[in-house]
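All remarks here apply to the structure that follows.
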Amino acid sequence: MALIVGTEGPDVLSGQNGDRVDGEGGDDRLTGGGNVYLEGGDGDDVLNGVGGDRLEGGAGDDVLSITGGFANKGDVYLDGGLGHDRIVIDSGGAVTLKAYSGDRITVSDYGLLLADTGFGSYTTIVYANYARFSLGAGLDVVEVKAASHGTTQDAPSLVLAHFTAGDRGDVVDLAGYLEGTLTNWNGVDNPFATQHLRLVQAGSTLRLEMDVNGGGNQWTLLAEFPDLNIGTLTAHNLAGYDPAGGAVVAFAIDGAMDNDPLMGGASNDLIYGGVKADLLRGRDGDDSLWGGRGDDHQLGGAGNDRLEGGAGDDLIEGGWGIDTVVFVGPATDHVLTFGNGVVTVQSETDGRDTLRGVEFLSFSDGLMAVPTANWTLSGGDGADLLVGGDDGDLISGGAGNDILVGGLGDDRIVGGAGQDIFRGSRAELAGDVISDFALGDVINVSDADLSSFTFTRSDATVSLGGGSSLTLAGNPQGRLIASADGQGGVNLSLATRLPTMNFVADFNGDDINDLAWREVGGAFSTWALAAQPGQLSVTQNVFTTAIDPSWRLATAADFDGDGKDDLMWRREGGTFALWRSTGNDFVMNVVVDGTVSPDWSLAAAGDFNGDGKADLIWRHSGGFFTEWQSTGTSFEKNVYADAGVDVAWSLSATGDFNGDGKDDLIWREDGGTFTVWMSTGSGFQMNAVVDGSVGPDWSLALAGDFDGDGKDDLIWRHSDGGFSEWRSTGDGFQKNVHVDFSVGVDWRLESAGDFNGDLRADLLWRHDGGAFSIWQSAGTSFLQNVLVDGTVGANWSLAALGYDFV
Numbered sequence: 026m027a028l029i030v031g032t033e034g035p036d037v038l039s040g041q042n043g044d045r046v047d048g049e050g051g052d053d054r055l056t057g058g059g060n061v062y063l064e065g066g067d068g069d070d071v072l073n074g075v076g077g078d079r080l081e082g083g084a085g086d087d088v089l090s091i092t093g094g095f096a097n098k099g100d101v102y103l104d105g106g107l108g109h110d111r112i113v114i115d116s117g118g119a120v121t122l123k124a125y126s127g128d129r130i131t132v133s134d135y136g137l138l139l140a141d142t143g144f145g146s147y148t149t150i151v152y153a154n155y156a157r158f159s160l161g162a163g164l165d166v167v168e169v170k171a172a173s174h175g176t177t178q179d180a181p182s183l184v185l186a187h188f189t190a191g192d193r194g195d196v197v198d199l200a201g202y203l204e205g206t207l208t209n210w211n212g213v214d215n216p217f218a219t220q221h222l223r224l225v226q227a228g229s230t231l232r233l234e235m236d237v238n239g240g241g242n243q244w245t246l247l248a249e250f251p252d253l254n255i256g257t258l259t260a261h262n263l264a265g266y267d268p269a270g271g272a273v274v275a276f277a278i279d280g281a282m283d284n285d286p287l288m289g290g291a292s293n294d295l296i297y298g299g300v301k302a303d304l305l306r307g308r309d310g311d312d313s314l315w316g317g318r319g320d321d322h323q324l325g326g327a328g329n330d331r332l333e334g335g336a337g338d339d340l341i342e343g344g345w346g347i348d349t350v351v352f353v354g355p356a357t358d359h360v361l362t363f364g365n366g367v368v369t370v371q372s373e374t375d376g377r378d379t380l381r382g383v384e385f386l387s388f389s390d391g392l393m394a395v396p397t398a399n400w401t402l403s404g405g406d407g408a409d410l411l412v413g414g415d416d417g418d419l420i421s422g423g424a425g426n427d428i429l430v431g432g433l434g435d436d437r438i439v440g441g442a443g444q445d446i447f448r449g450s451r452a453e454l455a456g457d458v459i460s461d462f463a464l465g466d467v468i469n470v471s472d473a474d475l476s477s478f479t480f481t482r483s484d485a486t487v488s489l490g491g492g493s494s495l496t497l498a499g500n501p502q503g504r505l506i507a508s509a510d511g512q513g514g515v516n517l518s519l520a521t522r523l524p525t526m527n528f529v530a531d532f533n534g535d536d537i538n539d540l541a542w543r544e545v546g547g548a549f550s551t552w553a554l555a556a557q558p559g560q561l562s563v564t565q566n567v568f569t570t571a572i573d574p575s576w577r578l579a580t581a582a583d584f585d586g587d588g589k590d591d592l593m594w595r596r597e598g599g600t601f602a603l604w605r606s607t608g609n610d611f612v613m614n615v616v617v618d619g620t621v622s623p624d625w626s627l628a629a630a631g632d633f634n635g636d637g638k639a640d641l642i643w644r645h646s647g648g649f650f651t652e653w654q655s656t657g658t659s660f661e662k663n664v665y666a667d668a669g670v671d672v673a674w675s676l677s678a679t680g681d682f683n684g685d686g687k688d689d690l691i692w693r694e695d696g697g698t699f700t701v702w703m704s705t706g707s708g709f710q711m712n713a714v715v716d717g718s719v720g721p722d723w724s725l726a727l728a729g730d731f732d733g734d735g736k737d738d739l740i741w742r743h744s745d746g747g748f749s750e751w752r753s754t755g756d757g758f759q760k761n762v763h764v765d766f767s768v769g770v771d772w773r774l775e776s777a778g779d780f781n782g783d784l785r786a787d788l789l790w791r792h793d794g795g796a797f798s799i800w801q802s803a804g805t806s807f808l809q810n811v812l813v814d815g816t817v818g819a820n821w822s823l824a825a826l827g828y829d830f831v
């Protein structure tokens, strides 16, 4: 059991059995795993849970969803909190739900549902089992649909408590349920007139009964209305069906009164259509209009309106203000057409809707701004989906992990804070300028196939083939690599360098570090280094092979303690395999383990207990980490685990910083502060060294013993290229013992290792064009360019660089 607390910004957090996850401020994404308490806090949060979880959205327009099996995990409690929330329930257990004004609730599978809804909530329920709703003060809408299983003759029990009767009261829309259930009914006539439905008084409860065949002699209970009397329900309450048997009513709702929940006036109104083709007018105020079934015409009027057409082919006109049209499902389930100020959106669930005068489209996976010629689109602090038009647009994502689509034309796109995706075909990306492409961002080339895709980069210009190119403003530092996006396209991203994974390795046991290279298509090669009098020499391609690109070289270390470093490969799905070095070759797959899921990353490898064999540190996406200790032939799992490290802290380096023969950990916080956890052999002494003096424009590049005293030192690299060495004293660091600002940002500091056998770590630099250079440690400084090699193409990387965690 652990308490996992987010920041005031956008967090991605997950919990396991018994955990409590608190998102705090920001637009958070929280995930439970059974018997987990998820609390969104402020912001527009997304909470995903399973059986036994408790989900509380807090303030903001949140999304709460329960999916997956409930077996042996207990019941679920959901509380949307303040704001216009979307609540999705799709699993087979008992659910208790607390909703508030303006919430949108979808229930597709449940065992027992107890729902307390607020004023003006809208619920779509697939009617399968017992469900009790305690409705708010008025204008709640419960839309009932038929389940695809079970027998309609034994209708489950639907109880609508505190139901407000009358033309300004609540609504239960039965059309979807009746169409999938009744026989001998044409779906058009009033089912009260055809003897398929009737109301019966039973004490203080009003019963709605159904005869499936319409014979009027086989009545079963459909719904109950406690504390209501016969004659109080109107056609409005039954979404157009007159309980007296009259004609089905088509509503024309025209705002004329203030503070009226049905008639759109000067206030913020909530208007629901019904089963026919309705006319809904919001007039002034920030209105919410739901069309329901039928081909509706919605007029938002003045104000920032929220419009949802529902089923049918609707005409939606936003009017003045910033208006948003809401659709069911992700954007990929809809076909969008833009032109001449009109947007057409078509899908199986929403029909074919025609939109005019609206600014945003809301889908379950994000918000899309409606494009026009030369549009300026700006996102908020959350995860936005912004789509430009066919001319040159200016698109700014703002904070959050955004998806930005420029469309055709020469667009200028600013991702803003967060890890953004710049998406488009080669034709759509052509001519675009990305102003702030950075580590963690992705260019998604949607019409490229990795097996045949080629690209080139010349400074800030990236050529995508077929005459298409784009510009990365500022020529960001780092090598651009290509990978499959899992949907038939290609992702381009800057190579991610984790210092702990920039390994050095001695594959042949001669106490001189060697090199391992990986080509983007999968080829792999090791080079052996040797120290000759006055110079270094290299033997290329000592071992070569080709491996499927879905396997990444995670690290190299001596896992069996024989003095020769072995290889650890990891597949995209999580499985890892060890290859044991024999000196000039490798015995493949001596250990294969498929128990680690992809949400755990290999954060570090090192000898944390001092037994001469390298161990593993795994880190979960939620922040906690665990140590696996090598036995020489396999691993003893989870010998140490810690759930107290926030995701804002990254594991930046490992090394023996106090010279006791055991590797220690360096954690670094986003703002720059770092802390050293000293290994005790069976765990770690936390915060043995804490330093907040290094700004975020300095990155911790490498750790190694540069002076040969048995204690690992640090190399810091500034964003403008300069670097500084901090020498370990055993209980801290002597700062800036060597400082050099002569290296340009087009050279990357990729590795530190003893390449000449003098027991001092040297530096390996790599140019963006492919050449590499070794700087040999002199103890207090470095001898530059003792080995320079320009034979390696830019499509080859030092094998750990950019792999496993791209």
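For the sequence shown, the numbering used here gives the first residue as 26, with consecutive numbering after it. By construction, the Cβ of each residue, glycine as well, lies at the ideal position given by its N, Cα and C atoms. These numbers come from a predicted model, not from an experiment.
Grouping DSSP H, G and I as helix and E and B as strand, with all else coil, what is residue i?
i	result
Glu453	helix
Thr357	helix
Glu204	helix
Glu33	coil
Ser659	coil
Phe748	strand
Gly729	strand
Ile130	strand
Phe830	Interpretation of Phe830 is limited by its pLDDT of 24, a score under 50 that renders its predicted location unreliable; no figure is taken from the coordinates.
Tyr665	strand
Asn832	Because residue 832 is not part of the residues shown, which for the chain are 26 to 831, the question remains open.
His322	strand
Lys760	strand
Gly40	coil
Val237	coil
Measuring alpha carbon to alpha carbon, tell me which of the options ends up nearest residue i.
i	options	result
Ser182	Val458, Asp214, Arg232, Asp86	Arg232
Gly755	Ile506, Asn761, Asp730, Ala156	Asp730
Phe60	Val75, Val71, Arg482, Thr121	Reading the sequence as shown, one finds Asn at residue 60 and not Phe. Considering only alpha carbons, the answer is Val75.
Gly717	Met711, Gly696, Lys638, Thr705	Gly696
Gly490	Glu544, Gly456, Phe699, Asp330	Gly456
Gly598	Leu505, Gly511, Leu392, Thr698	Gly511
Phe584	Val368, Ala530, Val715, Ala186	Ala530
Asp67	Asp78, Asp110, Asp100, Gly43	Asp110
Gly337	Val370, Ala571, Asp348, Asp732	Val370
Ala553	Leu224, Val715, Asn781, Ala227	Asn781
Phe385	Gly376, Leu361, Ser372, Glu373	Leu361
Asp573	Gly546, Thr551, Ala124, Val487	Gly546
Asp418	Ala424, Leu380, Val458	Val458
Lys170	Leu160, Gly423, Val184, Gly201	Gly201
Gly465	Ser229, Ala473, Ala356, Leu505	Leu505
Terminal residues of the continuous beta strand (DSSP E) containing residue i?
i	result
Tyr155	155 to 159
His843	A question about residue 843 goes unanswered here, because the residues of the chain that appear run from 26 up to 831.
His792	787 to 792
Trp576	576 to 582
Glu775	772 to 778
Trp542	540 to 544
His261	Segment: none, His261 is in no beta strand (DSSP E) and carries neither H nor E.
Arg645	This sequence places His at residue 645; Arg is not what is there. Counting along the chain, the beta strand (DSSP E) containing His645 begins and ends at 640 to 645.
His743	738 to 743
Phe568	560 to 571
Glu249	245 to 251
Taking one C-beta from the region 45 to 54 and one from the region 29 to 36 each time, how about it: are there three or more such pairs within less than 8 angstroms? Contact holds: three or more Cβ-Cβ distances are below 8 angstroms.
Spell out a yes or no on whether the region 802 to 809 and the region 560 to 567 are touching, meaning 3 or more CB-CB pairs, one atom from each, closer than 8 angstroms. They do not touch, by the three-pair rule.
Quick check: the region 425 to 441 against the region 472 to 483, are at least 3 beta-carbon pairs closer than 8 angstroms? In this structure the region 472 to 483 does not lie against the region 425 to 441, because fewer than three pairs of beta carbons, one per stretch, are closer than 8 angstroms.
What ranges does the beta strand (DSSP E) occupy inside the region 44 to 85, keeping only unbroken runs of at least 3 residues that lie completely in it? Listed in chain order, the beta strand (DSSP E) runs fully inside the region 44 to 85 are 45 to 47, 54 to 56, 62 to 64, 71 to 74, 79 to 81, counting runs of at least 3 residues.
Whether or not the region 677 to 690 and the region 604 to 621 are in contact is what I'm after, with contact meaning three or more pairs of Cβ atoms, one per stretch, closer than 8 angstroms; do they touch? Segment contact: the region 604 to 621 against the region 677 to 690, fewer than three CB-CB distances shorter than 8 angstroms; contact not assigned.
I want to know whether the region 702 to 710 touches the region 618 to 628 - three or more CB-CB distances under 8 angstroms. In the pairwise beta carbon analysis, the region 702 to 710 is classified as not touching the region 618 to 628: fewer than three pairs are separated by under 8 angstroms.
Are three or more beta carbon pairs between the region 200 to 211 and the region 227 to 246 nearer than 8 angstroms? Output reads yes: the region 227 to 246 touches the region 200 to 211.
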